[in-house]
Amino acid sequence: MARIITCEDDVPKGWVRIADLTDNATDAKILSDAHTNGDLDAVKLIRTTSEIRTGPVWVEAIAARGLLSRCQAKRDGAAKPVSAQADNVTPDYVVELLQSINDSLGRIAAAADAMAARQ
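Quick note, this note's numbering runs 116 ahead of the 1-based positions in the sequence shown.
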C-alpha cells in the first residue's frame with residue numbers, strides 16, 4: 117500500500133517515479149504489484165481539485181532495482197538472485213544507500229514521536 121502525498125515536494129530523497137525507473141511494461145507491472153502488495157514502500161501523489169486525480173507513484177530506487185534484479189535473475193533461470201549492485205559497489209551507491217537508511221530511520225522516529233504524543 118502506498119503512502120499518500122499531495123505535493124511532489126513530499127517525495128523522499130532518493131525515490132523515483134516508477135515511470136522514470138523503467139520503460140519496460142513488465143518491470144513497471146512488477147513494481148506496481150509489489151507496492152500494492154506491500155512488498156515495496158511507495159508514495160502516491162493524489163491531487164485534490166474539483167475531482168480527485170491519482171498521480172504518479174514513487175518508489176525507493178535502490179529497493180526497486182534490487183527487486184527487478186531478483187525478478188530478472190529468476191526469469192533468466194539463475195541459480196540464486198543477484199543484488200542490485202553486486203558487481204560494482206560505488207561510493208555513490210553507498211551514499212544513496214545510507215541516505216535511504218537515514219530517511220527510513222527518520223520515518224520510524226517520527227512515528228515513535230507521534231505515538232508517544234498520543235499517550
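The C-beta atom is built at its ideal place from N, Cα and C for all residues, glycine as well.
Review point. At a cut of 8 Å, does the stretch 134 to 153 reach the stretch 225 to 234 through at least three beta carbon pairs?
Key: The answer is no - the stretch 225 to 234 does not touch the stretch 134 to 153, with fewer than three Cβ pairs under 8 Å.
Practice item. Report the partner residues of Val-239 according to the DSSP bridge assignment. Key: Only positions 117 to 235 of the chain appear in this structure, which leaves residue 239 out of reach.
Point to revise | For Arg-234 and Leu-163, the rounded distance between their alpha carbons | key: Checking the sequence, you will find Arg at residue 163 rather than Leu. Rounded to whole angstroms, Arg-163 to Arg-234 spans 29 Å at the Cα level.
Check your understanding: How long is the line joining the alpha carbons of Met-231 and Leu-183, rounded to whole angstroms?
Key -> The straight-line gap from Cα to Cα measures roughly 31 Å.
Review point. What number of angstroms, rounded off, separates the C-alpha of Ala-195 from the C-alpha of Asn-218?
Key: Below a pLDDT of 50, predicted positions are generally treated as unreliable, and Ala-195, at 48, falls in that range; the measurement from the model is reported next regardless. Their Cα atoms are separated by approximately 33 Å.
Review point. Looking only at C-alpha atoms, which of Ala-177, Lys-190, Arg-191, Gln-188 sits nearest to Asp-208?
Key: The shortest C-alpha separation from Asp-208 is found at Ala-177.
Check your understanding: Taking the Cβ atom as the reference point for each residue, do Asp-160 and Val-175 lie within a distance shorter than 8 Å?
Key -> This sequence places Lys at residue 160; Asp is not what is there. Result no, Cβ atoms of Lys-160 and Val-175 do not sit closer than 8 Å.
Review point. In or out: Ile-134 buried (at least 16 other Cβ within 10 Å) or exposed?
Key: When all chains shown are included, Ile-134 counts as buried.
Practice item. Pull up the DSSP beta-bridge partners for Ile-121, would you. Key: For Ile-121, which the question treats as bridged, DSSP gives the partners Leu-161.
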